[in-house]
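Under UniProt numbering, the first residue of the sequence shown carries the number 1, and numbering increases by one thereafter.
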Amino acid sequence: MINTLMSQGIHFDLWTDKSDMTTFLNQAHNLEVAHPGGVLAIEGPNEVDGWPVSWNGQSGYAGSDAYQKSLFSSVNADPVLANKPVYLLTVSGMTPSKYQAVGDMHASADYGNVHIYWGGGQPGYGWSPNDPTFYWSNYLKSAAIDAPGLPVVVTEAGATTAVGSTTITAVDQTTQAKQLLNMFMDAAKSGVAKTFIYELAESHNAGPTDAESHFGLYNWDGTPKLAATAIHNFTTILTDGSASGAFATGTLDYAIQGVPQWGGQMLFQEGNGAKDIVVWAEPDIWNENTNTEIAAPNTPVTIDLATAANVTIYDPMKGTAPVQSLGTTSHITFNVTDHPLIVEVTPVGGSTSPAPTPTPTPTPAPAPTPPPTTGGSGADNIAAAPAAPDIHAGAGNDTLTGWSGGDTLWGDDGNDSIVGGSGFDNINGNKGDDTIDGGSGGDDWLVGGQGNDLITAHTGGNILYGNIGNDTLNGGSGNEIIRGGQNDDVIYGGGGNDWLSGDRGNDTLTGGAGADIFHTFQTAGMDRVTDFHVSEGDRVQVDPGTTYTLSQQGADTVIDMGGGNEMVLAGVQLSSLPSGWIFAA
Numbered sequence: 001m002i003n004t005l006m007s008q009g010i011h012f013d014l015w016t017d018k019s020d021m022t023t024f025l026n027q028a029h030n031l032e033v034a035h036p037g038g039v040l041a042i043e044g045p046n047e048v049d050g051w052p053v054s055w056n057g058q059s060g061y062a063g064s065d066a067y068q069k070s071l072f073s074s075v076n077a078d079p080v081l082a083n084k085p086v087y088l089l090t091v092s093g094m095t096p097s098k099y100q101a102v103g104d105m106h107a108s109a110d111y112g113n114v115h116i117y118w119g120g121g122q123p124g125y126g127w128s129p130n131d132p133t134f135y136w137s138n139y140l141k142s143a144a145i146d147a148p149g150l151p152v153v154v155t156e157a158g159a160t161t162a163v164g165s166t167t168i169t170a171v172d173q174t175t176q177a178k179q180l181l182n183m184f185m186d187a188a189k190s191g192v193a194k195t196f197i198y199e200l201a202e203s204h205n206a207g208p209t210d211a212e213s214h215f216g217l218y219n220w221d222g223t224p225k226l227a228a229t230a231i232h233n234f235t236t237i238l239t240d241g242s243a244s245g246a247f248a249t250g251t252l253d254y255a256i257q258g259v260p261q262w263g264g265q266m267l268f269q270e271g272n273g274a275k276d277i278v279v280w281a282e283p284d285i286w287n288e289n290t291n292t293e294i295a296a297p298n299t300p301v302t303i304d305l306a307t308a309a310n311v312t313i314y315d316p317m318k319g320t321a322p323v324q325s326l327g328t329t330s331h332i333t334f335n336v337t338d339h340p341l342i343v344e345v346t347p348v349g350g351s352t353s354p355a356p357t358p359t360p361t362p363t364p365a366p367a368p369t370p371p372p373t374t375g376g377s378g379a380d381n382i383a384a385a386p387a388a389p390d391i392h393a394g395a396g397n398d399t400l401t402g403w404s405g406g407d408t409l410w411g412d413d414g415n416d417s418i419v420g421g422s423g424f425d426n427i428n429g430n431k432g433d434d435t436i437d438g439g440s441g442g443d444d445w446l447v448g449g450q451g452n453d454l455i456t457a458h459t460g461g462n463i464l465y466g467n468i469g470n471d472t473l474n475g476g477s478g479n480e481i482i483r484g485g486q487n488d489d490v491i492y493g494g495g496g497n498d499w500l501s502g503d504r505g506n507d508t509l510t511g512g513a514g515a516d517i518f519h520t521f522q523t524a525g526m527d528r529v530t531d532f533h534v535s536e537g538d539r540v541q542v543d544p545g546t547t548y549t550l551s552q553q554g555a556d557t558v559i560d561m562g563g564g565n566e567m568v569l570a571g572v573q574l575s576s577l578p579s580g581w582i583f584a585a
């Protein structure tokens, strides 16, 4: 079957079943030889917390890590597969302790990997104000724990239409379609490299309320669900149908007001020069008690263009024809409810998109990602730009600057100075004593790499990781994940409810304002917390299975894990601490 589908131009992420790596890689090799480009990626073991791996005498997380390392080295040793990206193994959910148990695996994969599912129409695993834990961004933060500095893919995301299921909250076909459209936009806005829907087609039908039977975009009899049609409409609207290969990108000067808090907006460009502003909203649209849709409110949105243009508005839930044609204007008003709308802006006198076909057709291949800008061996000064958002500085003491649309900045060798832009920044200092500043805005990933690095974040929910060396990490005003890595680090959480871990070495941690969690484990070293305040909601988290004793030593509370490993809470009386101040997870 895979041979047949590859011959039709369909590409596959090949997931290993953990049994026989040699046979699996031989099959992948032969498929790529027969169908060049048919293998999109090689993926590590699936949800290893629920399906454990035994490999080379190791089991549990150690076994899955060993398998992933062997898979990565074997793929890169194969002359046919060596250019294929390797996706990291997965765990279920977003609990940080699971990803911490996997450990730092960034050297054994090209991409981090996460599975994201909804529990209901809110969506329970999306941007719902009803459950602030399950933000999309929090899943990506967890994914970065075991793959710091790597881009992330989502290899499973979906919703089942088995309304009435007693095992998982299911939704109707209309709600599934809206959820998946919103999910694609959340992924794009968050910088996810690729997103895979679970699943394309249903392989069986064990009854209308069997959850596993009804995740598909297509029913088990091959007929499309509303989600398949809506996604086809969405990609058709965003594709002009005439361009092939790469094309020059431009900008659009516009101001937008009224975008809902639980939603967003994002700018795309078609090959013919038209710009598409996608605006979406994600209110609660499914009642889990009555298994019925909730009518979403109309939210007025206003867009003002600096230059008048031809404007049309599309709704992928209604088809591929415009729902509004506004003619030439610079002032645009419309209502958004619970899924994306596309506002197409075409320059006056410019080309327009041809009428899209009303039935599903293969979507043209997307324009290739621009190659990274690479510096020389000297001291370079390089700024990211829309056409060149990814930079590898090379050797030398370099200065790198991000831009507002999101970027990937690698310092490589040398003592580099790196400042991110106002969008999402993926920054890795790599070797040398680097100074890294995430810039304003965006939920940034800031990694020091090797050397004694200074890392500073500002607004947003950022991830900071010192890695190797004696690093200083300064959190910003958001809710952040901050890890020291190896050696002796100094960590400041700043404002917000932060998660701080010195990792290995003798570290000093200051949480700052907010309800912070200070993490330790059996072999963490000797860490000191300078501002533990139960009145702010501060707590200590230990890894599952960690053994420790508690004692009062002078003015300090000491958590002793043996072997010279301890966490000291400076100026804290043990007798004053409430139940639950220390927990395992």
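We put the CB at the ideal spot given by N, CA and C, even for glycine.
Could you pull out every residue in the same chain whose Cβ sits closer than 6 Å to the Cβ of residue i, ignoring the five residues on either side in sequence?
i, result
"Ala-255", "Asp-304"
"Asn-113", "Tyr-87, Leu-88, Thr-90, Val-153, Thr-155"
"Ala-383", "Thr-401"
"Asn-381", "Thr-399"
"Pro-356", "Model confidence at Pro-356 stands at a pLDDT of 41, short of 50, so the residue's coordinates are unreliable and nothing is read from them."
"Asp-338", "Lys-178, Ala-281, Pro-283, Ile-285, Ala-296"
"Ile-436", "Ile-418, Ile-427, Gly-429, Leu-446, Ile-455"
"Ala-524", "Asn-565"
"Tyr-61", "Ala-101, Val-102"
What separation, rounded to the nearest whole angstrom, lies between the Cα atoms of residue i and residue j?
i, j, result
"Leu-180", "Asn-219", "16 Å"
"Asn-138", "Thr-547", "28 Å"
"Ala-170", "Asp-516", "35 Å"
"Gly-476", "Leu-5", "48 Å"
"Ala-34", "Ile-559", "59 Å"
"Asn-182", "Pro-389", "25 Å"
"Gly-263", "Met-94", "21 Å"
"Ala-243", "Asp-412", "A caution first: Ala-243 carries a pLDDT of 49, below 50, which makes its placement in the model unreliable, though a value can still be read off. About 36 Å."
"Gly-580", "Asn-291", "37 Å"
"Lys-141", "Ala-187", "13 Å"
"Ala-367", "Gly-505", "Residue confidence for Ala-367 is low, a pLDDT of 43 falling below 50, so the modelled location carries little weight and cannot support an answer."
"Ile-582", "Val-542", "7 Å"
"Thr-510", "Val-534", "14 Å"
"Ser-165", "Ile-277", "37 Å"
"Gly-405", "Ala-41", "26 Å"
"Gly-273", "Thr-251", "10 Å"
"Leu-71", "Ile-2", "21 Å"
"Ala-325", "Phe-184", "Reading off the sequence shown, one finds Ser at residue 325, where the question assumed Ala. Rounded to the nearest angstrom, the two C-alpha atoms are 25 Å apart."
"Pro-364", "Gly-271", "Unreliable positioning characterises Pro-364 in this predicted model, as indicated by a pLDDT of 40, which lies under 50. A coordinate reading is not provided."
"Asn-470", "Trp-410", "19 Å"
"Ala-395", "Pro-224", "53 Å"
"Glu-43", "Thr-209", "31 Å"
"residue 589", "Asp-434", "There is no way to answer for residue 589, as the model of the chain reaches only from 1 to 585."
"Val-279", "Glu-199", "25 Å"
"Asn-233", "Ile-197", "16 Å"
"Gly-562", "Leu-550", "11 Å"
"Phe-24", "Ile-168", "33 Å"
Tell me which residues share the same chain as residue i and place their Cβ nearer than 8 Å to its Cβ, disregarding the 5 neighbours each side in the sequence.
i, result
"residue 590", "This structure gives no information on residue 590, because the portion of the chain shown stretches from 1 to 585."
"Pro-260", "Ala-281, Glu-282, Pro-283, Thr-299, Val-336"
"Gly-514", "Asn-479, Gly-493, Gly-495, Gly-496, Asn-497, Asp-498, Glu-536, Gly-537"
"Ala-308", "Thr-328, Thr-329, Ser-330, Val-348"
"Lys-189", "Gly-264, Met-266"
Hey, quick one: how far does the beta strand (DSSP E) through residue i stretch, first residue to last?
i, result
"Leu-305", "299–314"
"Ala-296", "Per DSSP, Ala-296 belongs to no beta strand (DSSP E) and is neither H nor E."
"Lys-275", "275–281"
"Met-266", "263–269"
"Ser-54", "Note, Ser-54: premise wrong, no beta strand (DSSP E); not H, not E."
Residue i lies in the alpha helix (DSSP H); which residues open and close that run?
i, result
"Leu-574", "Unbroken run through Leu-574: none, as it is neither H nor E."
"Thr-530", "Unbroken run through Thr-530: none, as it is neither H nor E."
"Gln-27", "21–34"
"Asn-233", "226–238"
"Leu-14", "No alpha helix (DSSP H) contains Leu-14, which is instead part of the beta strand (DSSP E) from 12–15."
"Asn-3", "2–7"
Among the residues of its own chain, which have a CB less than 7 Å from the CB of residue i, if the five just before and after it don't count?
i, result
"Ile-10", "none"
Report yes or no: is there a C-beta of chain D within less than 8 Å of the C-beta of residue i?
i, result
"Thr-166", "The structure shown contains no chain D; it is built from a single protein chain."
TODO: Identify every run of the beta strand (DSSP E) within the segment 138–174, keeping only runs that are complete inside it and at least 3 residues long; order them along the chain.
DONE: 152–158
- [ ] Only counting runs of 4 or more residues, tell me where the alpha helix (DSSP H) segments fall wholly within the segment 63–127, in order along the chain.
- [x] 96–102
- [ ] Could I get the ranges of all uninterrupted alpha helix (DSSP H) runs contained in the UniProt region "Disordered" (406–444), with 4 residues as the minimum, in chain order?
- [x] none
Open item on the list: Does the structure place the segment 91–109 close enough to the segment 429–439 that three or more beta carbon pairs sit under 8 Å?
Closed with: no
Open item on the list: Which runs of the beta strand (DSSP E) at least 3 residues long sit entirely within the segment 487–541? Give them in chain order.
Closed with: 490–492, 499–501, 508–510, 517–520, 526–529
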